[in-house]
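Participant: Under full-length UniProt numbering, the first residue of the sequence shown carries the number 1, and numbering increases by one thereafter.
Can you keep this structure in mind? I'll have questions shortly.
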Amino acid sequence: MVSGSSKEALSCALSFVALRQLSSSDHHHPQPLESPYNPQASIGWNAGKFKTTKSLSPSAWWTGTNSDIDIDYMDTASNVVILNHLTQRYSTRHSFERLIKNIRHELHGVVPCPKRLDATVNHMLKRDGWDPVRLLCNGPGCGVRLHGRAVYRWLAQLVIKGTISKAAIGMNSSPGPVDGVDSGNGREMSPDNVLSATARHLIKTYGNSKDQIKDFFNVIRRQLSAKIGAEYLPCQKNPFDLTHYYNIHKFDPKNFSKFRLRCENETCRHGMSAAATWAYIARFVDSGELSRIAVGLLPLRAVDSGELDLPRNTLSNIRQKHVTRVKNVPASPVAPAVFKTHWTRGDGNCMFSAIAKAMGGHLSHDQVRTAGVTWIRSHPADFITRIEHDIPQDLYWAELKQSATITDPSRPIMQALEKGYLNVMKNSGVYGDDPILKAVCEAYSLHLVILQELDDKRATWMQVRCDGSEPEAVIWLHLRDLHYENLLVQSQLRP
1 MVSGSSKEAL SCALSFVALR QLSSSDHHHP QPLESPYNPQ ASIGWNAGKF KTTKSLSPSA
61 WWTGTNSDID IDYMDTASNV VILNHLTQRY STRHSFERLI KNIRHELHGV VPCPKRLDAT
121 VNHMLKRDGW DPVRLLCNGP GCGVRLHGRA VYRWLAQLVI KGTISKAAIG MNSSPGPVDG
181 VDSGNGREMS PDNVLSATAR HLIKTYGNSK DQIKDFFNVI RRQLSAKIGA EYLPCQKNPF
241 DLTHYYNIHK FDPKNFSKFR LRCENETCRH GMSAAATWAY IARFVDSGEL SRIAVGLLPL
301 RAVDSGELDL PRNTLSNIRQ KHVTRVKNVP ASPVAPAVFK THWTRGDGNC MFSAIAKAMG
361 GHLSHDQVRT AGVTWIRSHP ADFITRIEHD IPQDLYWAEL KQSATITDPS RPIMQALEKG
421 YLNVMKNSGV YGDDPILKAV CEAYSLHLVI LQELDDKRAT WMQVRCDGSE PEAVIWLHLR
481 DLHYENLLVQ SQLRP
């Protein structure tokens, strides 16, 4: 077990290295405009091992204790934001007790167990200790125990699933009224959705009278019927259950803009304020599930054979027999038809093979991999915070012991990085992750647009780009179940 002082020493060393490298650099590294995480890396997928890294496992060495269960962490950018919020705001014993109290108040006195989301008083998580915080399931024969950071990750997953509202964890900070609509007490509000341009348009266009609001909801129901087979607005907490759907519950007699929605299922009754409702519908529009034209917005520029400006080094003139059309494509960027290839072998080199293919095929996957590894080795300060928990504990402490008389504290962590992460990633057949993907983008000045298909038949767009310069090429990739393929549009195909 690693002592608290030892962990603090490791943390200080990591911070010193990052600051030292950045301060000694002659180049300015602008802050990225977004956080483009490769989904498998952001949930802690260990390259080539087909399991989560030690850093995200409840039994990781750095948690200071052991847990009995591995959690299936959901991967979205929101998960990262929520996890950061939880770990920063509820780091003390008093604040964490307040968090659990809020969750129990919302969920009728229970905290769900990872093995059973429909928690009862006889099968739920209870606090089992502090420093680090520990939760234990009281279910007979269950035995689930979560420790330290694993607790926060499970709570973040419950928020992503919709089991716990953002309000319960203190993330519903309202920026104030939006175009005359009071935020009320909507539990789903947050700055990233309430203030979107689409939500503002909906409020301004369809929120001018009670009848206009009702007519708008009728339009929404008809639009969604083609997607889900029923004319209603699905409940956020149970979006795939046809018995859970929203209707307008009531209007404020003194102000029609202050209406509320409520789930019609008697076991749910989840409610939303007016502002949260507009934001919720706006997300359907932005994802492409609702037509922009139907809600009075101009269509986004279509990516088709006449309008797509293909950068150099991208694929073209590909036979259609090598591709399959991808369904359920989100609307940003808009593409009337995108096609994934099926020529990349699932041998652990697929990420590098797909990038090499898109760059013209003159490089091998091993050359692309080596370029990424070399870039990380040459720019460790840019990556150390991404992969610090992939550095084996024993390697670091061994290097630290050998370097006890050396004045440069960066040497132990750099040596451990070389012997740990880079020593694994340099090998052919090891699956790529977020740090190496980012490094490849920097090495070749690439902008990657990745369409990830999820298990529930949804899809989402992600972007990974080089910093500080115009890309040499824009490459589209398809990702599903850790496997990368090339992604094409109609103009890149031939019969």
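Virtual Cβ for every residue (Gly too), placed ideally from N, Cα, C.
Small disclaimer: the values here were computed from a predicted structure and weren't measured.
Exposed or buried, which one is Gly348 when buried takes at least 16 other CB atoms within 10 Å?
Facilitator: Under this definition Gly348 is a buried residue.
Participant: With distances taken Cα to Cα, identify the nearest neighbour of Lys126 among Leu117, Pro132 and Leu136.
Facilitator: Of Leu117, Pro132 and Leu136, the residue nearest in Cα terms is Leu136.
Participant: Assess, as a yes-or-no matter, whether the stretch 454-473 is touched by the stretch 339-353 under the definition of 3 or more beta carbon pairs within less than 8 angstroms.
Facilitator: Because the criterion of three Cβ pairs below 8 angstroms is not met, the stretch 339-353 and the stretch 454-473 do not touch.
Participant: Report all residues from its chain with a CB closer than 8 angstroms to the CB of Ile164; omit the five preceding and five following residues, and keep chain order.
Facilitator: Once the five neighbours on either side are set aside, the close Cβ partners of Ile164 are Ile103, Glu106, Leu107, Leu155 and Leu158.
Participant: Who does Thr324 pair with in a DSSP beta bridge?
Facilitator: Looking at the DSSP assignment, Thr324 forms a beta bridge with Lys340.
Participant: Mapping the DSSP letters down to three states, classify Lys101 as helix, strand or coil.
Facilitator: Three-state DSSP puts Lys101 in a helix.
Participant: Counting only runs of 3+ residues fully inside the stretch 236-290, write out the beta strand (DSSP E) ranges in chain order.
Facilitator: The qualifying runs are 245-252 and 255-263.
Participant: Thinking C-alpha only, which one of Ile169, Asn486, His447 and Asn255 is nearest Lys357?
Facilitator: Among Ile169, Asn486, His447 and Asn255, the Cα nearest to that of Lys357 is on Asn486.
Participant: DSSP puts Leu487 in a beta bridge; with which residues?
Facilitator: Answer is Lys340, bridged to Leu487.
Participant: Using the DSSP secondary-structure output, state which residues sit across from Lys126 in a beta bridge.
Facilitator: Leu136, per the DSSP bridge assignment.
Participant: Which residue wins for smallest C-alpha separation from Gln490, given the options Pro140, Asn138, Ile318 and Gln452?
Facilitator: Of Pro140, Asn138, Ile318 and Gln452, the residue nearest in Cα terms is Ile318.
Participant: Looking at Thr120: is its Cβ nearer than 8 angstroms to the Cβ of Val111?
Facilitator: Not in contact: Thr120 and Val111 (Cβ atoms no closer than 8 angstroms).
Participant: Can you grab the Cα-Cα spacing for the pair Ile213 / Pro234, in whole Å?
Facilitator: Approximately 17 angstroms between the Cα atoms of the pair.
Participant: Can you tell me whether Phe383 is buried or exposed? The criterion is at least 16 other CB atoms within 10 Å of its CB, across all chains shown.
Facilitator: So Phe383 counts as buried.
Participant: Quick check: what's the CA-CA separation for Pro140 versus Ala276?
Facilitator: Straight-line Cα distance between these residues: approximately 40 angstroms.
Participant: Round the Cβ separation of Tyr245 and Glu266 to the nearest angstrom and send it over; I've been treating them as touching at under 8 angstroms.
Facilitator: Contact flag wrong, Cβ pair sits at about 13 angstroms.
Participant: Quick check: the stretch 315-330 against the stretch 434-443, are there 3 or more CB pairs under 8 angstroms?
Facilitator: Judged by Cβ distances under 8 angstroms, the stretch 315-330 makes no contact with the stretch 434-443, as fewer than three pairs qualify.
Participant: Closer than 6 angstroms by C-beta to Gly346: which residues in its own chain qualify, once you throw out the five before and the five after it? Chain order, please.
Facilitator: The answer, listed in chain order, is His483.
Participant: Using DSSP with H/G/I as helix, E/B as strand and the rest coil, what is Met462?
Facilitator: Three-state DSSP puts Met462 in a strand.
Participant: Can you tell me the Cα-Cα spacing of Leu477 and Cys142, whole angstroms?
Facilitator: Taking the straight line joining both Cα atoms gives about 41 angstroms.
Participant: Whose CA, out of Phe256, Met171, Gln452 and Phe284, lies closest to the CA of Arg221?
Facilitator: Out of Phe256, Met171, Gln452 and Phe284, Phe284 has the C-alpha closest to the C-alpha of Arg221.
Participant: Would Leu83 and Tyr90 be called neighbours here (beta carbons separated by less than 8 angstroms)?
Facilitator: No, these two residues do not count as a Cβ contact at 8 angstroms.
Participant: Just verifying my parser: in three-state terms, what is the DSSP assignment at Leu315?
Facilitator: Note: Leu315 maps to coil in three-state DSSP.
Participant: Which residue comes first and which comes last in the beta strand (DSSP E) that contains Leu107?
Facilitator: First-last for Leu107: undefined, no H or E at that position.
Participant: Mapping DSSP to helix, strand and coil, what is Ile169?
Facilitator: In this structure, Ile169 counts as helix in the three-state DSSP scheme.
Participant: Measuring straight from C-alpha to C-alpha, what distance separates Arg128 and Met171?
Facilitator: Residue identity differs from the one stated: residue 128 is Asp in this sequence, not Arg. Rounded to whole angstroms, Asp128 to Met171 spans 26 angstroms at the Cα level.
Participant: Pull up the distance between the alpha-carbon of Ile71 and that of Asn138, whole angstroms please.
Facilitator: Low local confidence applies: a pLDDT of 33 at Ile71 is under 50, so the model's placement there is unreliable, and no value is given.
Participant: With distances taken from CA atoms, which of Asp481, His447 and Val151 is nearest Gly468?
Facilitator: Out of Asp481, His447 and Val151, His447 has the C-alpha closest to the C-alpha of Gly468.
Participant: Using the Cα positions of Cys350 and Ala371, report the straight-line distance between them to the nearest angstrom.
Facilitator: The alpha-carbon atoms of Cys350 and Ala371 are separated by roughly 15 angstroms.
Participant: Mapping the DSSP letters down to three states, classify residue 500 as helix, strand or coil.
Facilitator: As displayed, the chain neither begins before 1 nor continues past 495, which places residue 500 out of reach and without an answer.
Participant: List the endpoints of the continuous alpha helix (DSSP H) containing Leu446.
Facilitator: Counting along the chain, Leu446 falls outside any alpha helix (DSSP H), though it belongs to the beta strand (DSSP E) covering Leu446 to Glu453.
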